[in-house]
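Undergrad: Yeah, the sequence shown ends on 397 if you go by the numbering used here, and it's all consecutive.
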Amino acid sequence: MKLKKRNNILLIVTGSIACYKSIEILRLLKKSGKSVRVILTRSAERFVMPLSFASLGAEKVYTDNDQFIATENGTSLHIALAEWADYILVAPATANTIAKIRMGIADNLALSTIVAFTKTIFIAPAMNVNMFENPVTAENIDALKKRGMIFIGPEEGALANFTVDKGRLTEPDKIVRFVCNATEEKLFKNKRFLVTAGATRAYIDPVRFITNSSSGRMGIEIAEEAKLMGGYVHLIAGSILTEPVGMDKIDYVVTTKELFSKTKEAFKKSDILIMAAAPVDFIPKKTYPNKIKKRSHLNMEFLQAVDILKSLQNKDNKVIIGFALETENIEKNALKKMKEKGMDIVVANEVSNMGSDRGSVLMMDKTGRKKLIQDKTKREIAKEVLLFLKEFLDKEV
Ligand SMILES: Cc1cc2nc3c(=O)[nH]c(=O)nc-3n(C[C@H](O)[C@H](O)[C@H](O)COP(=O)(O)O)c2cc1C
Numbered sequence: 001m002k003l004k005k006r007n008n009i010l011l012i013v014t015g016s017i018a019c020y021k022s023i024e025i026l027r028l029l030k031k032s033g034k035s036v037r038v039i040l041t042r043s044a045e046r047f048v049m050p051l052s053f054a055s056l057g058a059e060k061v062y063t064d065n066d067q068f069i070a071t072e073n074g075t076s077l078h079i080a081l082a083e084w085a086d087y088i089l090v091a092p093a094t095a096n097t098i099a100k101i102r103m104g105i106a107d108n109l110a111l112s113t114i115v116a117f118t119k120t121i122f123i124a125p126a127m128n129v130n131m132f133e134n135p136v137t138a139e140n141i142d143a144l145k146k147r148g149m150i151f152i153g154p155e156e157g158a159l160a161n162f163t164v165d166k167g168r169l170t171e172p173d174k175i176v177r178f179v180c181n182a183t184e185e186k187l188f189k190n191k192r193f194l195v196t197a198g199a200t201r202a203y204i205d206p207v208r209f210i211t212n213s214s215s216g217r218m219g220i221e222i223a224e225e226a227k228l229m230g231g232y233v234h235l236i237a238g239s240i241l242t243e244p245v246g247m248d249k250i251d252y253v254v255t256t257k258e259l260f261s262k263t264k265e266a267f268k269k270s271d272i273l274i275m276a277a278a279p280v281d282f283i284p285k286k287t288y289p290n291k292i293k294k295r296s297h298l299n300m301e302f303l304q305a306v307d308i309l310k311s312l313q314n315k316d317n318k319v320i321i322g323f324a325l326e327t328e329n330i331e332k333n334a335l336k337k338m339k340e341k342g343m344d345i346v347v348a349n350e351v352s353n354m355g356s357d358r359g360s361v362l363m364m365d366k367t368g369r370k371k372l373i374q375d376k377t378k379r380e381i382a383k384e385v386l387l388f389l390k391e392f393l394d395k396e397v
């Protein structure tokens, strides 16, 4: 199965202090080979000049003065732009524009185009933390997510008033990387994914813990890709090195026990579980309440942590994808694990994949299908895993 990409992106810039970053977004989209047209709202024009975008390769730059000008073939500009664009990216998106999108207000060129647009819309908000946490803004964002719009950020970081808080525009390179991965096909429309990622910790004392070298990258790439392919994605993350983009919901956990209880709860509302987390398998028999003082020896006994997949009760036969990290007899051991843990698909991994950008995996499903993916980036592997899943689901019907 080959996924088709589309190239025409309409970048809508609204009146935030982060407007200057939209110039970098344009530059990076152009560098990725996209055709970009830009609309600036009247407020955005107070922060950045149309000329900056035109000079950096925007195919066309529109302002509100263009709203009532018909295009050459007589179509209104907002209708022509909605037809031309494959994706709309609103970055930065103000609280004001988000609220208006929710209400279907169309009182400027950007909003009229959005109301007339039927394809994927990405929204990257940027605002002061109180504006972001205002219940009305939160409700608006939730409602738009439910309607299929994909939110990128905001993230925690330095805001315009020099405080560090949530509301900062996601960095341009991250926004562009995410948007450029978007594909035309929405293979998982109406499917609810639960993805787990990252390592858990088992504390020995208040400051020391055991863990493993998982970066969470594989799970995050799968979660992001599932979102771009049209799914609803709930991510449960242990310790991860990169902040995921575009998620519908994220929960953070520390221990394997927490990962289990959150997964068990969220599993009830999901159609597909992708268990890419690397939970710590052993927990200390005794956890010290105070920091252990220096000493010449420390003997510790470990117990087995809860086995999440074995302990989940899959009463409704939901689809489960699990990972198997093996050092020997990869295929045989992974198949055994798939059966023992009630998985539908197993992705067998080598230790060398951990923490690395590239890797090779062997995917197998319970119907006997097998596919080897060699020396690909984690993003490419994530795509392959989801396409393998799609074929499995299509076969099942
Ligand atoms: C200096 C300054 C910075 C602003 N930054 C933001 C911002 O980051 N996010 C936001 O939602 N609104 C911000 N605003 C408020 C918006 O500009 C205002 O709500 C405006 O009406 C938005 O119009 P638009 O959504 O049509 O672009 C800022 C206003 C000023 C004066």
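Don't be surprised by glycine CBs; every beta carbon is placed ideally from N, CA and C.
The model shown is predicted, which means the values in this text are computed figures rather than measured ones.
1) Considering only heavy atoms of ligand 1, does any lie closer than 8 Å to the CB of residue 21?
2) State the Cα-Cα distance for the pair residue 380 and residue 19, rounded to the nearest angstrom.
3) Would DSSP call residue 22 helix, strand or coil?
4) Mind checking who residue 358 pairs with in its DSSP beta bridge?
5) Leaving aside the five residues before and after residue 231 along the sequence, list all residues of the same chain whose C-beta is less than 6 Å from its C-beta, in chain order.
6) Quick check on the DSSP output: the alpha helix (DSSP H) that includes residue 167 runs from which residue to which?
7) Taking the continuous beta strand (DSSP E) assigned at residue 251, which residues delimit it?
8) How far does the beta strand (DSSP E) with residue 194 in it extend, from its first residue to its last?
9) Considering only residues of the same chain and omitting the five flanking positions on each side of residue 251, which have a CB-CB separation below 6 Å?
10) When you measure from the CB of residue 276 to every non-hydrogen atom of ligand 1, does any distance come out below 8 Å?
11) Put residue 346 into one of helix, strand or coil per three-state DSSP.
12) Can you grab the Cα-Cα spacing for the pair residue 122 / residue 358, in whole Å?
13) Using C-beta distances below 7 Å, list every residue in its chain close to residue 104, excluding the 5 sequence neighbours before and after it, in chain order.
14) Determine the extent of the beta strand (DSSP E) in which residue 38 is found, giving its start and end residues.
15) As a quick check of your reading: which residues have a C-beta less than 5 Å from at least one non-hydrogen atom of ligand 1, in chain order?
16) Return the first residue and the last residue of the beta strand (DSSP E) that residue 124 is part of.
17) Quick one: measure Cβ to Cβ for residue 186 and residue 131, integer angstroms, because I've assumed they're closer than 8 Å.
18) Sort 325, 342 and 297 by Cα distance to residue 318 and report the nearest one.
19) Residue 225: which of 183, 201 and 211 sits nearest, CA to CA?
20) May I have the straight-line CA-CA distance separating residue 269 from residue 278, to the nearest angstrom?
21) By alpha-carbon positions, which one of 350, 203 and 49 ends up nearest to residue 291?
22) Could you check which residue in 300, 309 and 218 has the C-alpha nearest to that of residue 257?
23) According to the neighbour-count rule (16 or more other Cβ atoms, all chains shown, within 10 Å of its Cβ), is residue 221 buried or exposed?
24) What are the boundary residues of the alpha helix (DSSP H) that includes residue 60?
25) When you compare only the Cα positions, how much space is there between residue 38 and residue 142?
26) Please return the same chain residues whose Cβ sits closer than 8 Å to the Cβ of residue 285, not counting the five positions on each side in sequence.
27) Just checking, does the segment 15-30 make contact with the segment 172-182 on the three C-beta pairs under 8 Å criterion?
28) Spatial neighbours of residue 374 within its chain, please: CB distance less than 8 Å, with the 5 preceding and 5 following residues excluded, ordered by chain position.
29) Residue 233 by DSSP, collapsed to three states: which one?
30) Give me whichever residues DSSP pairs with residue 404 in a beta bridge.
31) DSSP three-state call for residue 8: helix, strand or coil?
32) Going straight from the alpha carbon of residue 344 to that of residue 363, what length do you get?
TA: Judging by the given coordinates:
1) no
2) 32 Å
3) helix
4) 377
5) 188, 191 and 193
6) That residue, residue 167, is in no alpha helix (DSSP H); its beta strand (DSSP E) goes 164-168.
7) 249-252
8) 192-197
9) 236 and 262
10) no
11) strand
12) 28 Å
13) 115
14) 35-40
15) 14, 15, 16, 17, 41, 43, 94, 95, 96, 97, 126 and 127
16) 120-125
17) Incorrect: roughly 31 Å between the Cβ atoms, too far for contact.
18) 342
19) 183
20) 22 Å
21) 203
22) 309
23) buried
24) Not the alpha helix (DSSP H): residue 60 falls in the beta strand (DSSP E), residues 60-62.
25) 26 Å
26) 300, 301, 302 and 303
27) yes
28) 360
29) strand
30) The requested residue 404 is not part of the displayed model; the chain covers only 1 to 397.
31) strand
32) 11 Å
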